[in-house]
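Visitor: Residue numbers (this note's numbering): 1 to 159. The beta-carbon is built from N, C-alpha and C at its ideal position, and this holds for glycine as well.
Following this line, the structure appears as structure tokens:
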């Protein structure tokens, strides 16, 4: 036998239905205000039929108590862990583009704390990938929240 032949490619196959070769476009931990426009622009891809974006904000209450102040701090390995989480999302879904930014430092009520976005060939994949990305980021990346309440109490979350 002189050679092998690849199986025929299905008629519905198109490279845009797959994940991109290097879909991680933006990952950062910043001590400056975050931009939804920057993250949205980072995940635009002409082969994507769906883009999902999640924005986490600082709310005025938690656990039935009024929040007066909030600060985030990150372990020195946090960006590397954020990359690991992003790579896991990319491995599990046909991601065309992915972006995630998290704020550290003192934030005010209403400030943007985290923004993640994913684009995929289809809507359902984009929603699922975005949800996995934010859930895993919250559970696995060493970023801690310190809340001060109006009654004088305080709490560390995620530490």
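Is it a yes or a no for the segment 25–33 touching the segment 81–90, going by three-plus beta-carbon pairs under 8 Å?
Guide: Yes, since at least three Cβ pairs between the segment 25–33 and the segment 81–90 fall closer than 8 Å, the two stretches touch.
Visitor: Using three-state DSSP, classify residue 137 as helix, strand or coil.
Guide: It is helical.
Visitor: In whole angstroms, what is the alpha-carbon distance linking residue 137 and residue 151?
Guide: If you take the alpha carbons of residue 137 and residue 151, they lie about 30 Å apart.
Visitor: Measuring alpha carbon to alpha carbon, tell me which of 107, 110, 102 and 72 ends up nearest residue 117.
Guide: Of the listed residues, the one whose Cα sits closest to residue 117 is 102.
Visitor: For a quick check, are the C-beta atoms of residue 51 and residue 126 less than 8 Å apart?
Guide: Yes, these two residues count as a Cβ contact at 8 Å.
Visitor: Would you list the residues sitting across from residue 103 in a DSSP beta bridge?
Guide: According to DSSP, which records beta bridges pairwise, residue 103 is partnered with 30.
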